[in-house]
Structure formats: C-alpha cells, structure tokens
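Just so you know, we're using full-length UniProt numbering here: the sequence shown kicks off at 1 and counts up by one.
Virtual Cβ for every residue (Gly too), placed ideally from N, Cα, C.
This report concerns only the one structure given below.
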Amino acid sequence: MTIFTFLLVFAKLLIPFPPLSSATDTISGLESLPEGRTLVSKDGTFEMGFFTPNNNNNNNHTNRYLGIWYHNIPGRTVVWVANRENPIKDNSSNLSINSEGKLVILSNNTIVWSSNSTEKTNAPLSPIVQLLDTGNLVLRDEKDSNPQNYLWQSFDYPSDTFLPGMKIGWNRKTGLNRRLTAWKNWDDPSPGDFTWGMVLGNTPELVMWKGSAEYYRSGPWNGVRFEGKTTPLFNLGLVSTLDEVFYTYNPVNKSLITRVVLNQSTYSRQRYNWVEENQTWIRYSLVPRDNCDNYNLCGAYGNCIVNESPRCQCLKGFKPKSVQNYEALDWSQGCVHSELWSCGVKNKDGFGKFSGLKMPDTTKSWVDGNLTLEDCRIKCLQNCSCTAYANLDIRGNGNGCINWFGALIDLRVALVPGQDLYIRMATSEIGEKGGHKKMVAVVIPVILVVFVIVFIFTFIYWRKRKLREKSSEEKKDKEHEEDLDLPFFDFATIVRATDDFSSDKKLGQGGFGPVYRGTLADGQEIAAKRLSNNTGQGMKEFKNEVILCAKLQHRNLVKVLGCSTQGEEKVLVYEYMPNKSLDSFLFDSSQSELLDWSKRFNIIFGIARGLLYLHQDSRLRIIHRDLKASNILLDGELNPKISDFGLARMFSGNQTEGNTKMVTGTYGYMAPEYAFDGLFSVKSDVFSFGVLLLEIVSGKKNRGVFFVNHGFNLLGHAWRLWKEDTPMKLVDASLGDTFTESEVLRCIHVGLLCAQLHPEDRPYMASVIVMLSSEVSLPQPKEPGFLIERISVAGESSPSNQINSSTNQLTVTLLEAR
C-alpha cells in the first residue's frame with residue numbers, strides 16, 4: 001500500500017458520516033441517527049428522534065430519550081421510548097447499528113441502550129433500521145427476501161401505548177411477554193408501577209396491576225371480545241397457538257388514528273381518537289369504568305351493582321358470610337350458600353342460571369372447546385369441586401365449555417350481556433320454575449328410556465330365537481360382534497386387504513400380536529393387528545382394547561376403525577399411521593435428525609394431551625399401563641397418537657387406583673410401586689410419561705445401562721446431570737443448537753418431576769400441561785425412582801424381585817404374598 005493510499009483511507013476514517021436528511025425512513029449499517037436528526041415513516045405518520053419531555057429537569061441536567069411520536073400532530077404525542085430507564089444527560093448521543101447487527105444508543109462512545117432480543121440470531125449481512133407506517137421500529141437484514149423477517153422490533157417491547165397491530169401477550173417459544181407499563185408521571189417516561197398484560201391460563205385474560213396487586217380483570221375471551229361492549233370502529237382478536245397467545249386490534253377505517261395509553265396518575269387505561277377537524281385527541285373509552293371494575297370488590301359470590309346501594313349484594317341463593325361486616329359495607333369476606341348442597345345425592349344439587357354477569361375469575365378453571373353446554377353441565381356435575389359452568393364461546397348457539405372450581409370471585413353486572421353462568425347450589429334454592437323444568441327434563445327422557453329398553457329386550461328375544469337356528473360357531477362370532485360395539489369387518493375382507501397377512505405387509509410386532517398394513521377395496525389404508533393364537537391371555541386383552549377404543553375419541557389417541565372375529569381369529573383394524581411408531585425415529589441415528597426440537601415438543605405436548613383425556617376428560621378414567629415409545633404412533637405430519645390399549649384398565653366414579661397380582665408392562669417404563677407391589681394409578685402413567693419425555697429429549701432408551709462409568713440407566717443419568725447443574729448434556733446431539741434452551745430445560749425438569757419415587761410427589765397430567773405451556777415456577781425434583789438392571793429404587797437394589805422381559809418387550813410378573 002502506498003503512502004498516498006494509506007493517507008486517503010485514514011482521512012476517510014476521520015471524516016464523519018454525512019448527516020441524514022430530516023425525512024428518511026431507513027438507517028443502514030453505515031449510518032447513524034445523531035441528535036437533531038429524525039427518522040420519518042414513509043407515509044409521514046410517525047417520527048423518531050431524541051427528545052426531552054416537557055419540564056423534565058433533574059439537578060439542572062436535561063434528560064434526553066429516544067422516542068417515537070406522531071409526525072403531523074402538534075404537541076408531540078410520544079408512543080414509544082427506548083431508553084426509559086437510562087436517560088441521556090447531554091446532546092452528544094446518536095442511534096446506530098453496531099458490528100453485531102444490534103441497534104444501540106451511544107453517548108460519549110458508551111452504550112446506554114441496546115436492542116437485545118430474546119431470540120439468538122447471527123449478525124445480519126446488511127442490517128437496516130426502518131420506521132414503518134404502523135409506528136413499529138424494526139431491525140432487519142436488507143438481503144433477506146422476506147421484508148417481514150424482523151431481527152428485532154419495538155412492538156415486542158411496548159412502553160405505555162398500545163397501537164393498532166401491536167400484540168399484548170406471550171411468545172411461548174421464547175418466553176417474551178409483551179405488556180404495557182405506564183410512565184412514572186406525565187413528564188417522566190421511566191416505568192411506573194401500573195402495568196397491563198395477559199395472564200396465561202386455561203383461558204387467557206387481560207389484567208391490570210398496581211405493583212404486584214391485581215387491579216382490574218377483563219374477564220375471559222368469549223369468542224367475540226373480552227368483557228365489555230363491542231364497537232363497530234375496531235376489529236378485535238385473540239390468537240392462541242402452541243407458539244403464541246396474544247390480543248390485538250385494528251380500526252375498521254384504516255384512516256382512523258387511535259391509541260390506547262396507560263395513565264399512572266389516574267390508574268386507568270384510556271383510548272383516544274384523533275379528530276382532524278378539531279385538531280385534538282378525544283377520549284373514546286376509559287377502564288376502569290366505575291368502582292365495580294375494581295378487582296374482587298364484593299368478595300366470593302358477591303355481585304357488584306354500580307347503580308344500587310349497597311353496591312355489593314349476594315347472589316340469589318347466597319347470604320353474607322358476616323352479616324355485621326356486610327352491613328358495615330365491608331364486603332371482603334363475601335357470601336356463602338344459603339343452603340348447603342349434597343354432591344352426588346340425587347335431587348340435592350343442581351345449577352341456578354344467572355344472566356347478565358361478568359364471568360368469574362378463571363384462575364381455577366378448566367376448558368374444553370369441543371363440549372356442548374349439556375356435556376359441560378354433566379362434566380361439572382360429576383366433579384364435586386366444580387362450582388359453576390358456562391359456554392366458552394357465545395357465537396352461534398354457543399359452544400365449548402368452561403368449568404370453575406372453588407369460590408367464584410370478581411363478579412359484577414356485565415355492561416353487555418354475554419354468556420349465561422350456571423352456579424351449583426341446593427335444588428331447593430333453584431326455584432319452583434326451575435324444579436318444574438327439571439322434572440319435565442327428567443320424566444320425558446325416563447319414558448323414552450323405558451320404551452327403548454322394552455324395544456331392545458323384544459328385539460333381543462327375537463334375535464336369540466334366530467341365532468339358535470344357526471351353528472354354534474356363527475353364534476359365537478355374532479356375540480363377539482355385539483359385545484365389541486365396533487363396525488364389524490368380514491375376516492375375508494381383512495385377508496384380501498393384507499395379502500393373506502403377507503410378511504411383506506408386516507409393520508411390526510405389537511403386544512399380543514403382529515401388525516400388518518392393508519388396503520381395503522375402496523382404497524382406504526388400514527393397519528390390522530392380528531391376535532396371536534398362542535397367547536393365553538389374548539382374548540381378554542383383545543376385548544378390553546376393543547371396548548376401550550370404541551369409547552375413546554381424541555386427536556392424540558389412535559382411531560380404531562373396527563374389528564373382525566372368525567373362530568380363533570381376532571383382528572383389530574386401526575387407521576394407518578404412515579410414520580409408524582416414535583421409537584423408529586427416536587432411537588435410529590439415521591431417522592432422529594428428522595425430529596427437530598419443535599417436532600419433539602409437539603409430540604411431547606400431544607402425548608400429554610392424550611393422557612389428560614384418558615385420566616380426566618373421558619367418560620371413564622383410563623390407566624394405560626404400557627405407555628412407551630413403541631406405543632406412540634405418528635401420522636403423516638408426525639402428530640402423536642397413543643395406541644395399544646390391551647393392558648389398559650377402566651375406572652369409574654371417584655376411583656383413582658387399583659392393584660393386581662399380575663404385573664404387566666414394559667421394563668424401563670414401570671413405576672416402582674407398580675413393579676414391586678402391583679399398585680397402579682394415574683400417577684403410574686405419569687411416571688411412564690416422565691421416562692418417555694426424557695427419552696424424547698435425549699434420543700436414548702431408558703432400558704439398559706447406557707452410562708457404564710456411573711452404572712446408571714437414562715433416568716439415573718439425568719438425575720446425576722441435574723445434581724451437577726449440567727442438565728443440557730442430556731440433549732440429543734442430533735438436535736445441534738436448533739432448540740430453545742429454556743424450553744428443553746423445562747422439559748427435563750418436568751420429566752424428573754413426573755418420575756419421582758413416590759406417587760404423591762408426581763404431578764397430575766393437568767398440572768403437567770400447565771408446566772409445559774407456561775412459565776410458572778416449578779418445584780425442585782427429589783431423587784427419582786429409577787430401575788437399574790436388577791430392579792432398584794432410588795439406587796437400592798432388590799435382587800429378589802427381578803423382572804424378565806419377553807421378545808416383544810412385554811413383562812409379566814406374579815407378585816407373591818408377603
């Protein structure tokens with residue numbers, strides 16, 4: 001390099017970058033936004049730059065902030081502030097993009113603010129910053145063909161203002177929580193203690209807080225809106241997926257300039273619309289609207305009526321818990337039932353209908369979007385802890401179900417009638433009219449049932465006479481067909497569909513028999529499970545699986561299409577799963593790479609939903625007893641479906657556990673109390689789920705000793721890594737670095753909690769789903785109950801109770817009396 005060239009390059013480094021015009025909408029990686037310059041959106045709606053709030057003076061030093069405001073509206077209405085907690089004390093600051101591709105504010109060469117993101121990304125090749133027409137400040141790669149692939153955006157980090165198109169809510173994948181925080185006062189943009197955001201739960205709600213205290217609750221989303229009036233001016237929306245749950249809005253008239261802002265001085269949320277003719281902001285709405293909007297003002301079962309005195313009144317069928325306090329206008333203790341109802345006693349409890357109420361706090365609730373209102377009533381009636389139910393969605397004739405548990409709080413007269421609320425109470429409190437309707441509703445079905453029963457018995461008698469005329473073999477087959485309560489396939493049809501059970505059609509070996517792929521005459525593909533003739537317990541398990549599957553319908557349970565019996569032949573016909581079972585992917589190094597983390601997490605979540613349905617949401621409580629990777633089938637989109645119910649047990653009523661002298665299950669997945677004492681419950685399935693969860697994370701089987709240096713199976717190895725604070729070493733190497741570390745860590749944590757030694761230390765599946773789908777704090781796990789080669793519990797060997805495994809991985813152990 002010549003001296004002239006060197007001096008030329010050195011001179012270029014000393015010459016400052018040319019100043020930006022005052023009407024640009026982009027900052028590239030070679031530019032910056034200094035004091036005195038602004039960035040304006042293309043349509044001229046918004047402007048960004050450095051500003052000083054009105055009368056902001058602190059120790060004779062003027063505080064400076066980077067903010068966004070309306071460009072053509074007088075008075076500088078600020079909608080976003082970057083460095084709220086770290087103001088600049090002089091005029092030497094500028095906004096630029098650093099070498100890592102991050103947006104930074106520099107003051108005297110010191111970073112005072114940075115656009116750190118919850119997502120890890122590589123430095124962009126050509127980073128640019130744009131102020132969009134929506135008021136969203138975005139950082140993106142100019143070479144990215146998709147202009148909406150933002151590396152960072154201000155809409156993810158709102159200040160005190162909610163603009164059209166913004167989101168309030170959660171990114172479940174990254175844990176990002178978008179919530180608004182008021183300015184400390186009107187000329188100080190630093191965060192105050194008044195916030196507004198979304199609470200995750202069975203049904204999301206918008207909540208405002210004063211500090212850590214809940215101040216206002218929106219009520220649950222009813223399919224159209226949260227509690228309150230709809231308006232023709234705005235389109236409101238709640239989006240809930242596995243990745244995100246958020247609330248957003250947009251004006252119907254795109255030209256309308258509107259904003260929602262939190263006000264610290266009045267502790268209120270206010271919507272303003274800009275009126276061009278008057279050149280002023282007009283307040284359109286205000287929340288809280290009245291004292292009844294204050295959270296839980298009237299206590300349990302207390303209804304707040306803003307225009308009446310006293311303002312708080314007990315619901316019909318309830319009385320003040322403390323009459324003295326209620327008369328003194330102290331409503332904090334709320335109300336209690338006037339008459340106690342008796343759960344499970346016929347005609348002693350029912351539901352009173354209440355219209356025009358804001359729905360109660362949903363912290364202790366359960367939802368199912370597929371149930372009808374009548375199914376919802378039955379679901380609540382079957383659970384003595386359920387205190388109320390309602391439709392989840394008010395659109396059409398109403399659909400979906402929400403059940404409440406415990407006392408109902410934060411009730412008030414709704415501003416706009418929405419759902420009807422059905423509250424559990426003594427039958428005598430429901431009223432004569434309700435009792436008459438109930439009597440009619442009971443008598444008519446009883447008459448119909450009697451008629452149907454008489455018809456059925458008459459038909460059965462006639463049918464039996466016909467069956468006596470047929471051979472005993474045909475009679476036996478027909479009886480099987482009636483017992484199994486499934487569509488019946490002719491055995492010859494199954495033989496043709498599977499090419500006479502050809503070995504080329506064999507998919508694998510399930511419990512008690514092989515499974516074959518077949519194609520029916522109409523082109524439908526099936527999987528046919530043929531019961532082995534040499535299995536002593538075959539018919540019992542076959543009929544058990546058929547009866548169970550006929551009653552179970554869930555997206556994460558394999559669907560049984562029908563069955564076939566002929567002589568000694570017994571066949572179950574399933575929907576065909578093109579991707580076979582989970583173990584064929586998980587434990588095969590050539591296939592495991594196809595399961596990236598998002599697919600694995602979807603599989604984990606799907607299995608959890610299926611188990612929750614079996615344990616809690618189906619008409620009968622089902623304990624699977626053989627949950628393992630080979631019994632999880634995958635459809636064409638790798639969605640999981642629990643299969644093989646040959647060992648499952650049904651419970652009814654309040655029964656939650658049982659015992660058996662014949663322990664059946666699969667080595668490596670059985671809970672200790674089941675393996676040793678034959679005790680099984682929903683918690684033994686939870687143990688199996690915990691093992692399966694750790695297998696999905698690690699890509700390794702729990703069965704067998706994989707970690708010879710330490711003498712541990714997978715569960716023991718996971719516990720050792722947890723104690724050493726290195727749990728991420730458990731992650732399958734084939735995942736590389738494509739996973740979300742916080743999500744994987746939470747899955748390992750939940751897996752260890754599910755695999756605890758004692759059943760009472762394990763969570764129920766309802767809690768497991770909440771743990772997996774939210775950021776709730778988790779308890780620390782204790783040492784799990786892991787089985788090593790010669791059956792040990794928490795590391796203690798028990799050589800006298802060794803369990804043997806058959807070729808199809810089914811274990812059968814007879815427990816002897818002690």
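In the DSSP assignment, find the unbroken alpha helix (DSSP H) run with residue i in it and report its ends.
i	result
P514	Taken as a continuous stretch (DSSP letters only), P514 belongs to no alpha helix (DSSP H), being part of the beta strand (DSSP E) at G513 to T519.
N263	Here N263 belongs to no alpha helix (DSSP H); instead the beta strand (DSSP E) covers T258 to N263.
K723	L714 to K723
F687	V682 to S698
F676	P672 to D677
A497	F491 to A497
A608	W597 to L612
A766	M765 to S773
Given residue i, which residues of its chain have a CB within under 6 Å of its CB, disregarding the five upstream and five downstream residues?
i	result
E100	A123
T248	K167 and G237
T203	P220, T362 and V367
Would you say residue i and residue j are within 8 Å of each other, going by their C-beta atoms?
i	j	result
D141	P127	yes
M765	A521	no
S734	G699	yes
A497	V515	no
V260	F162	yes
K701	G668	yes
I105	L66	yes
R37	G49	yes
D685	H624	yes
L694	L721	no
D644	N631	yes
P781	K683	no
N235	I257	no
C754	F676	no
V579	D504	Sequence inspection shows Asn at residue 579; the Val mentioned does not correspond to that position. Cβ atoms of N579 and D504: not closer than 8 Å.
D90	S107	yes
S96	S32	yes
L647	M577	no
Is the Cβ of residue i closer than 8 Å to any Cβ of chain E?
i	result
R762	Considering every chain present, this structure includes no chain E. It has just one protein chain.
Please check the pair residue i and residue j, which I expect to be a contact at CB under 8 Å, by giving their CB distance rounded to whole angstroms.
i	j	result
P384	C401	The sequence shown places Cys at residue 384, rather than the Pro named in the question. Contact doesn't hold; Cβ gap of about 18 Å is too wide.
P251	L233	6 Å
residue 833	P784	Here the chain covers residues 1 to 818 and nothing more, so residue 833 does not appear.
D133	S41	5 Å
F51	R76	7 Å
E214	Y295	5 Å
Y301	A426	Rounded, the Cβ-Cβ distance is 14 Å, inconsistent with contact.
G508	S581	7 Å
Mark residue i as exposed unless 16 or more other C-beta atoms lie within 10 angstroms of its C-beta, in which case mark it buried.
i	result
S268	buried
G317	buried
I604	buried
W341	buried
V487	Here the sequence assigns Pro to residue 487, which means Val is not the residue at that position. Under this definition P487 is an exposed residue.
V245	buried
G562	buried
W462	exposed
A492	exposed
Q809	Below a pLDDT of 50, predicted positions are generally treated as unreliable, and Q809, at 40, falls in that range; the measurement from the model is reported next regardless. Buried, since its Cβ has 16 or more Cβ neighbours within 10 Å.
G211	exposed
Apart from the five residues on each side of it in sequence, which residues of its chain come closer than 7 Å, Cβ to Cβ, to residue i?
i	result
P310	L329
G192	T181, A182, W183, K184 and Q264
E584	The sequence as given places Ser at residue 584; Glu does not occur at that position. For S584, where only same-chain residues beyond five positions count, the Cβ hits under 7 Å are Q591.
Provide the residue span of the beta strand (DSSP E) that contains residue i, from first to last.
i	result
K353	D349 to F354
W80	V78 to V81
G665	M662 to G665
W69	Y65 to Y70
C386	C386 to D393
N185	L180 to N185
E214	A213 to R217
N91	Note, N91: premise wrong, no beta strand (DSSP E); not H, not E.
K210	E205 to K210
G317	Segment: none, G317 is in no beta strand (DSSP E) and carries neither H nor E.
D583	Premise fails: D583 lies in the alpha helix (DSSP H), L582 to L586, not in any beta strand (DSSP E).
Starting from the C-beta of residue i, find all residues in its chain whose C-beta is less than 8 Å away, skip the five residues before and the five after it, and write them out in chain order.
i	result
D243	N171, R172 and K173
R395	G223 and V224
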